[in-house]
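Data block below; observations after.
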Amino acid sequence: MNTDVYFKDQDWHICIKKVNTRNFTITYEEKGGYKSKEAAWKVKEQYDQTYAENIKKIKEMTNIRFTFTEYLKYWLEEYFYKITEGATLALGRWTVEKIILPHVYQDILLGYVTAAYIDDIIDRCKKVCPSAGEMSYKYMRNILKTAYTYGYLKTDLRESLTPVNRQIPQIRILAKPQLKLMLEEASKHPSNYFEILAGTFLGLRSGEILGLKYSDFDEKEKTVRISRQYTTNYALAECNDSYTFTATRKEKSPKANSYRLLKAPDFIFEELKKRKKLNKEIIKKCKAKGMTDLDEQYVSISAMGKRKSRGTSAACLKRICNYAGVPAVSMHSLRHLFATLLLEEGTNLEYIARLMGHSSPMTTFNIYCGVFEAGSDTRDLLETMTPFNCSRLEVG
């Protein structure tokens, strides 16, 4: 719940907290109509003072230290942050701060919390995204367990909560040893290695990889700019009582929010130099055969001097996985791997969403929380994988 002063509908508004001294609940109210920010703040400060006096009074009357929302914040700071790291830390923080807390519409003294009260909050969280209900349920159980263990709750409410069915993650990610084998095999295929590295270590979509030009890379600044994608458009046309299915390739802008500038590790630029040399030989041979209209400025081209298709990249990756003796994964799975590596490092979801070109951090949360619930093995992955024994993937 927003408790700041904010401008909306041509005037200033405040969100205040009010204490009901009869049933010890805390409600939130929005008040508007203030002509200036200063006037709104002045009124809010008066309400805040009254709230502080009343909440202190009912805490003394009941000998209860926290309201429910106060305890959520206390649990994060004094318990959760101190014992967790990596993906668990990033996802747990997001679940409590961005999903649970905004859906507490009525606060209450911690000692008066019931299973029905928690169920109502979780039901509201379920509407955020498919994974929100499951994650809220999981962390609510952890929070209630700690509160009961340390005597803040007289009853262990966990088994009284309505269970939330777990979403089965649909993402396939190679385990650490499998990924190492796949990358080692991929390094033997110079015409495909760059695409695999770009998916794994830059988190690019297939179309974004195919749209890369040499001019998008800045070796001095160690950056790559994502400003286009190369995709296939499918159409079904009716003609003389029959239907014709067509597929045409075209270059277009990235998805919404997908324009971005990424930091790239050194080995990306090393492989780019090798690819550029290989591509020059391809273009030279094509020109010798009289071929024209070649895609000389693009990184990902075929032996015909034209940009590869998504199907070509996918088929190559499938063959490489087969040669390496690991389960076949898609190019998009490499993008998923990039995100899970960052999560395992404890990178916050807002930052990962920007790197991935997601429209919202909630998209990132919904996609990847299930991966870690399934127990994917990504911890310390970068210290053990090829290429070039890279110690860390730096992004910025």
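Heads up: the sequence shown at position 1 corresponds to 0 in numbering that gives the first Met the number 0, and the numbers run straight through without jumps.
Every residue gets a Cβ at the ideal spot worked out from N, C-alpha and C, and that includes glycine.
The structure displayed is predicted, hence computed values, not measured ones.
Taking its Cβ as the centre, do 16 or more other Cβ atoms sit within 10 Å of K275, making it buried, or is it exposed? Translated into the one-based positions of the sequence shown, residue 275 becomes position 276. Under this definition K275 is an exposed residue.
Going by DSSP, what residues sit across from Y297 in a beta bridge? As a position in the sequence shown, residue 297 is number 298, starting the count at 1. Paired residue(s): K212.
9 Å Cβ cutoff, K126 in contact with chain C: The structure shown contains no chain C; it holds only a single protein chain.
For the segment 35-85, which segments carrying the beta strand (DSSP E) assignment without a break, of at least 3 residues, lie completely within its bounds, in sequence order? none
Would you identify the three-state DSSP class for V163, choosing helix, strand or coil? Along the sequence shown, read from residue 1 onward, the residue named residue 163 stands at position 164. DSSP places V163 in the coil class of the three-state scheme, outside both helix and strand.
Only counting the same chain, and skipping five residues up and downstream in sequence, which positions put a Cβ closer than 7 Å to that of L100? Reading the sequence shown from its first residue, position 101 is the one you call residue 100. Excluding the 5 residues flanking it on each side, L100 has same chain C-beta neighbours closer than 7 Å at T68 and L71, in chain order.
Of all the alpha helix (DSSP H) runs that stay within the bounds of the segment 251-336, which reach a length of 4 or more residues? 265-287 and 309-323
Does the distance from the C-beta atom of A86 to that of G202 stay below 9 Å? Here residue 86 is taken as the residue at index 87 of the sequence shown, counted from 1. Here residue 202 is taken as the residue at index 203 of the sequence shown, counted from 1. No, these two residues do not count as a Cβ contact at 9 Å.
Is Y138 near R123, with beta carbons less than 9 Å apart? Translated into the one-based positions of the sequence shown, residue 138 becomes position 139. Translated into the one-based positions of the sequence shown, residue 123 becomes position 124. Against a cut-off of 9 Å, the Cβ pair of R123 and Y138 comes out as no contact.
Where does D10 sit, in a helix, a strand or coil, going by DSSP? Within the sequence shown, the letter at position 11 stands for residue 10. Residue state, collapsed to three classes: strand.
Return helix, strand or coil for T346, following the three-state DSSP convention. As a first step, residue 346 must be located in the sequence shown, where it is residue number 347. Coil, per DSSP.
Through-space distance from Y5 to S159, alpha-carbon basis: As a position in the sequence shown, residue 159 is number 160, starting the count at 1. As a position in the sequence shown, residue 5 is number 6, starting the count at 1. Approximately 39 Å, taken between the alpha carbons.
Assign N19 to one of three DSSP states: helix, strand, or coil. Position 20 of the sequence shown, counting from 1, holds the residue named residue 19. Looking at N19 - three-state DSSP - the assignment turns out to be strand.
Assuming L260 and T222 are in contact, meaning their beta carbons sit under 8 Å apart, how far apart are those beta carbons, in whole angstroms? Sequence index remark: in the sequence shown, residue 260 carries index 261 (1-based). Sequence index remark: in the sequence shown, residue 222 carries index 223 (1-based). So it is a contact: roughly 5 Å between Cβ atoms.
For D106, the residue or residues it bridges with in DSSP: For the purposes of this step, residue 106 is identified with residue 107 of the sequence shown, where counting begins at 1. In the DSSP output, where bridge partners are listed per residue, D106 has I25.
DSSP on I117, reduced to helix/strand/coil? Against the sequence shown, residue 117 aligns to sequence position 118. Three-state result, I117: helix.
I think T145 touches L109, with their Cβ atoms under 8 Å apart; what is that distance to the nearest whole Å? The residue labelled residue 145 in the question sits at position 146 within the sequence shown. The residue labelled residue 109 in the question sits at position 110 within the sequence shown. In this structure, T145 and L109 do not form a Cβ contact; the two beta carbons are roughly 11 Å apart against a cut-off of 8 Å.
Simplified DSSP state of K144, which is helix, strand or coil: Taking the first residue of the sequence shown as position 1, residue 144 is located at position 145. Here K144 sits in helix by DSSP.
Would you say C315 and E184 are within 9 Å of each other, going by their C-beta atoms? The residue you call residue 315 lines up with position 316 of the sequence shown. The residue you call residue 184 lines up with position 185 of the sequence shown. Contact flag unset, no.
CB-CB length for V163 against I121, believed under 8 Å: For the purposes of this step, residue 163 is taken as the residue at position 164 of the sequence shown. For the purposes of this step, residue 121 is taken as the residue at position 122 of the sequence shown. At roughly 7 Å, the Cβ-Cβ gap stays under 8 Å, so V163 and I121 are in contact.
Tell me the rounded alpha-carbon separation between T20 and D106. To locate residue 20, count along the sequence shown from 1; it is residue 21. To locate residue 106, count along the sequence shown from 1; it is residue 107. The alpha-carbon atoms of T20 and D106 are separated by roughly 13 Å.
Do three or more CB pairs link the segment 324-342 to the segment 352-365 at distances below 8 Å? yes
C-alpha distance - Q9 paired with Y27, whole-angstrom precision: As a position in the sequence shown, residue 9 is number 10, starting the count at 1. As a position in the sequence shown, residue 27 is number 28, starting the count at 1. As the crow flies, the alpha-carbon of Q9 is around 22 Å from that of Y27.
Identify the residues that DSSP records as bridge partners of T222: which are they? Residue mapping note: residue 222 aligns to position 223 of the sequence shown, counting from 1. Answer by DSSP bridge pairing, in chain order: D217 and K262.
Please state the DSSP three-state secondary structure of V4. Residue numbering aside, residue 4 sits at position 5 when the sequence shown is read from its first letter. In the structure shown, V4 sits in a strand (DSSP, three-state: E or B).
Give me, in chain order, the residues of the same chain whose beta-carbon lies closer than 7 Å to that of Y111; leave out the 5 immediate sequence neighbours on both sides. By 1-based counting over the sequence shown, the position of residue 111 is 112. Within the same chain, Y111 has close Cβ partners F23.
Touch check for the segment 147-155 and the segment 190-199: three-plus C-beta pairs under 8 Å? no
Bridge partners of Y33, per DSSP? For the purposes of this step, residue 33 is taken as residue 34 along the sequence shown, with counting starting at 1. Beta-bridge partners of Y33 (DSSP): W11.
The alpha helix (DSSP H) that contains I195, what's its start and end? Residue numbering aside, residue 195 sits at position 196 when the sequence shown is read from its first letter. Unbroken alpha helix (DSSP H) run through I195: Y192 to L201.
Give every residue of the same chain whose Cβ lies closer than 7 Å to the Cβ of Y46, excluding the five residues on either side of it in the sequence, and list them in chain order. To locate residue 46, count along the sequence shown from 1; it is residue 47. The residues are I15.
Give me the Cα-Cα distance between A131 and K125, rounded to the nearest whole angstrom. Along the sequence shown, read from residue 1 onward, the residue named residue 131 stands at position 132. Along the sequence shown, read from residue 1 onward, the residue named residue 125 stands at position 126. Rounded to whole angstroms, A131 to K125 spans 5 Å at the Cα level.
Using the rule of at least 16 other Cβ atoms within 10 Å of the residue's Cβ for burial, across every protein chain shown, is T199 buried or exposed? Here the question's residue 199 lines up with position 200 in the sequence shown. That one is buried.
Between the Cα of K284 and the Cα atoms of I13, D292, Y297 and G304, which residue gives the shortest distance? The count along the sequence shown starts at 1 and reaches residue 284 at position 285. The residue with the shortest Cα to Cα distance from K284 is G304.
Tell me whether A174 sits in a helix, a strand or coil according to DSSP, three-state version. Along the sequence shown, read from residue 1 onward, the residue named residue 174 stands at position 175. Reduced to three states, the DSSP call for A174 is coil.
Excluding the five sequence neighbours on either side, which residues of its own chain have a C-beta within less than 6 Å of the C-beta of L333, listed in chain order? Position 334 of the sequence shown, counting from 1, holds the residue named residue 333. For L333, where only same-chain residues beyond five positions count, the Cβ hits under 6 Å are G198 and T199.
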